[in-house]
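Here's the structure, in structure tokens; my notes come after.
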Amino acid sequence: MNKIAIIIKREYLTRVRKRSFVIMTILGPLLMAALMIGPVFIAKMSDSVYQVGVVDDSDFFFERLKNTNNVEFSQLNLDIEAAIELHKKGNYDAILHIPKFAFEAPSGLRMFSEKSVNLNAKLNIENQLKLDFESLKLAKEGIDEDVLQKIKTSINIMTVRLTKDGLEKTDYPELRMVLGIFSGILIYFFIFLFGSQVMRGVMEEKTNRIVEVIISSVKPFQLMMGKIIGVALVGLTQFLIWIFLTLIIVTAVQTAFPEQFKYTPVEQVYISADDAYNPEVLKERTEIVMQYNSPAGQIMDALSSINLPVMIGSFIFFFLAGYLLYASLFAAIGAAVDNEADTQQFMLPITVPLIFAIVMAQMVANNPSGPVAVWLSMIPFTSPIIMMLRIPFGVPMAQVYLSMALLVLGFVGTTWLASKIYRTGILMYGKKVSYKEIWKWIKFKG
Amino acid sequence: MEYIFKAENITKNYTGHKALDNVSISVPKQSVYGLLGPNGAGKTTLIRIINQIIGPDEGKLFFDGEKLKPEHVHFIGYLPEERGLYKKMKIGEQALYLAQLKNVNKHDAKKKLKVWFEKFDLLPWWDKKVEELSKGMAQKMQFIITILHQPKLLIFDEPFSGFDPINVNLLKEEILNLRNNGATIIFSTHNMSSVEEICDDITLINKSRIILEGNVKEIRKSHSLGIYCVELEDVKKPLESMLGSQYNVSLEGKSENLYKYRIRKPDGDPSNNLLKSIMEAGRVISFQEVLPSMNDIFIKNVTGKYPDEVNNKNNYQNNQI
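Structural data, given as structure tokens:
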């Protein structure tokens, strides 16, 4: 068997068998699934209804207060003191008092509660009463309520994305942004996580002094590449298991709670393009869409509007190539130093471009085709993160290929540089290494 | 004579200093070759060059008659002075891994390892992690890994450090066994008594240059100081008074009727003359030349003079470690 293959096998197996790997691999998708499904359930769970007892001395407002999902009103034919007594016995969450003179002075409204008042309920009541007062005042000024209803307009722009094969699809720019930033951060996280695993591995071999035995059998470059590729395969394994488990969990939850994920795709509701420009039909269709679709269902539809195979494929490429670019540098640092504390000064030049890419993420997401985004997605040190951020928004293939080619070139370059530092560094002990020293190693021939 | 390894005019520069300066060595087949020298003399650099861990700046290297090339690492076994293992890895698995890196296939490696582990009492530890092993056991394991692929050339850098005397003997036996079975051993150490015991030839490096080389016996002979140890019975006349004018004589010990003398003769005086004179003094039980130890020769060649005790004291063969 080829020696690099033997080294890769060892690096891979020792890591995959570790307990921490197994735990992370199982916990990862559970956390992800919880992140996706959790909010839906939390929203469902927190809707205990807030009971408000209303003492309406004006005899006008109570019938206009509408019960909502979260707030329920009941009229109390008592005076306010008696109502408060009732509340103290624990009958209502709060007592709302609307005095007789409320027409003239809306500031006389009061809400009593032993506990602090539910802020949502308070806002809800304020909004309802505000509308009532407004229509009351408008009526006083002689404006008919029917006219008012006609004036009311609701605008909801539905973004439709034109795909190459002429289909119209509902677009979700917010989701593209979230997905882009999420993948960018994931790549950042992966590069650091697995890069520092390489660094620690190299340092372990150096401080253990096993390295001299090994490089009397294999070339230092083989040892370095074996380690880097072995760890890359660990990362890939973890990522693929995560995707697989996440899909299983999400599917399981979808089958278990179909109501939460009910969704009718917009394309199926629209009958023809002509209809789409008919306001009557549009209104009707939109209502159907609103009625049938739960928020979770919409997220699922949004996800399906993104080309997931391309996303995952390019994620794997940019993760691997980005990791390879940085991993050899991490290996060089591990070889140059004697202990973990000394790594700090050399980590800086590696972390700066990565952190810069993350800082620029928001700006790139706002304008994914702008010059800053394009340039940062071409420079090999930032491209893994920035290009991944742009891909959900759609990037011209030429740019993707160019970025990939540059990244591979960058990876070859850093590996060449790192191998020079590595092969000198691993045999250097007890010497505090400086940048000047490392520069000498790089220039050193043979 | 056939040589397993030859280095011709090797020079190696590090930034700032010369580690090796025009060094040439020839290691005869099936011998134990000592590579000696004080700390920092350039031994480790030479060993790393032989192992192709680093390359020389100038000079030629030959292995078994061929120009040294990367494939030759499979015929070389190297036990470095600073040696380690993966602490968290099981020892059986680790030995297999390192054997595979020397091109031994897994199946053969396993078979051979079992035999060697048995021999060194390590078999019950096969599935234990290295961190659970004692230092001695770890060293035994490293020794096994070094020799497992049956290399033609073995390089041991301070192999005995950290071993107890019983295991030192076990190891010495194995090293001589390996030589008798056809392997050649390059042996680097500061332990001069073991050099006298097991080395056939040596090279002494100091300050990046070779200052002494050759067969151990011949080197010791050529360093003769003309010192003899004599045992006499029935002494008629004290040797001191009889030979005192011509030789440097001292009484070393006396038990019952047996007198032990240490005599230093002047250069150029044949030893037979001395023996004749002694024969007149009493019955000669033994008459033996005392050659300087490798330890003394080492110090003489590196510092320029023998340690003080060589001229004053008797205990030449002090096998100090």
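Top line first, the protein sequences correspond to chains D and Y.
Quick note: to get the numbering used here, add 17 to the position in the first sequence (first position is 1).
Quick note: to get the numbering used here, add 19 to the position in the second sequence (first position is 1).
Virtual Cβ for every residue (Gly too), placed ideally from N, Cα, C.
All of these numbers come straight from a predicted model, not from anything done at the bench.
- In the three-state scheme derived from DSSP, where H, G and I count as helix and E and B as strand, L172(Y) is classed as strand.
- In this structure, the alpha-carbon of V88(D) lies about 6 Å from that of Q68(D).
- Under the DSSP assignment, N267(Y) falls in the beta strand (DSSP E) whose first and last residues are 267-274.
- Taking CB atoms only, I23(D) has a neighbour in chain Y less than 8 Å away.
- For E101(Y), the residues of chain D that pass the 9 Å Cβ criterion are R226, E229, Y446, in the order they occur in the chain.
- Around the C-beta of F207(D), 16 or more other C-beta atoms lie within 10 Å, and the residue is accordingly described as buried.
- Among the bridge pairs identified by DSSP, G233(Y) is matched with I221(Y).
- Between I304(Y) and E271(Y), the gap from beta carbon to beta carbon reaches 8 Å or more.
- Under the three-state reduction of DSSP output, S207(Y) falls in the strand class.
- Interface flag for L172(Y) against chain D is unset, since no Cβ pair is found closer than 8 Å.
- Distance between G430(D) and P311(Y), taken at the CA atoms: about 59 Å.
- Close CB contacts of L341(D) within its chain, under the 6 Å cut and outside five residues either way in sequence, are with F428 (chain order).
- Going by C-alpha positions, K256(Y) is about 19 Å away from K284(Y).
- Excluding the 5 residues flanking it on each side, K131(Y) has same chain C-beta neighbours closer than 7 Å at L167, in chain order.
- Of all C-beta pairs linking the stretch 236-253 of chain Y to the stretch 67-78 of chain Y, fewer than three are shorter than 8 Å, placing the two stretches out of contact.
- Given a length threshold of 3 residues, each whole run of the beta strand (DSSP E) inside the stretch 113-179 of chain Y is given here in chain order: 172-176.
- Cβ-Cβ distances below 6 Å link I367(D) to L346 in the same chain, with the five nearest sequence neighbours on each side left out; the list follows chain order.
- Around N70(Y), the beta-carbon contacts reaching into chain D at under 7 Å are S233.
- Following the DSSP letters along the chain, one finds Y439(D) inside the alpha helix (DSSP H) bounded by residues 414-442.
- If you check the CB distance, F162(Y) and L120(Y) do not come in under 8 Å.
- Under a criterion of Cβ atoms nearer than 9 Å, the residues of chain Y adjacent to K457(D) are, in order, T34.
- Contact of K437(D) with chain Y is not assigned, every C-beta pair being separated by 8 Å or more.
- DSSP places G263(Y) in no alpha helix (DSSP H); its state is neither H nor E.
- For the stretch 272-295 of chain Y, no residue has a beta-carbon sitting nearer than 9 Å to a beta-carbon of chain D.
- In the three-state scheme derived from DSSP, where H, G and I count as helix and E and B as strand, P409(D) is classed as helix.
- Here DSSP, grouped into helix, strand and coil, assigns D73(D) to strand.
- Residue contact check for V42(Y) against chain D: no CB pair falls below 8 Å.
- With respect to the 8 Å criterion, V71(D) and L82(D) are classified as neighbours on the basis of their beta carbons.
- Neighbours of Y97(Y) across chain D, judged by C-beta separation under 9 Å: E229, V230, S233, S234.
- Interface criterion not met: the Cβ of R32(D) is under 8 Å from no Cβ in chain Y.
- For secondary structure counted as the beta strand (DSSP E) over 3 or more consecutive residues, the stretch 176-261 of chain D holds these complete runs in sequence order: 177-179, 185-187.
- For T368(D), the enclosing alpha helix (DSSP H) starts and ends at 360-383.
- Residues V303, F306 of the same chain have their beta carbon placed closer than 8 Å to that of L294(Y), with the five preceding and five following residues left out of the count.
- Within the stretch 102-113 of chain Y, R102, G103, L104, Y105, K106, K107, M108 place their CB atoms closer than 8 Å to a CB of chain D, listed in sequence order.
- Taking each of L140(D), M220(D), V412(D) in turn and checking the Cα distance to A358(D), the smallest one comes out for M220(D).
- In this chain, the alpha helix (DSSP H) harbouring Q145(D) covers 136-157.
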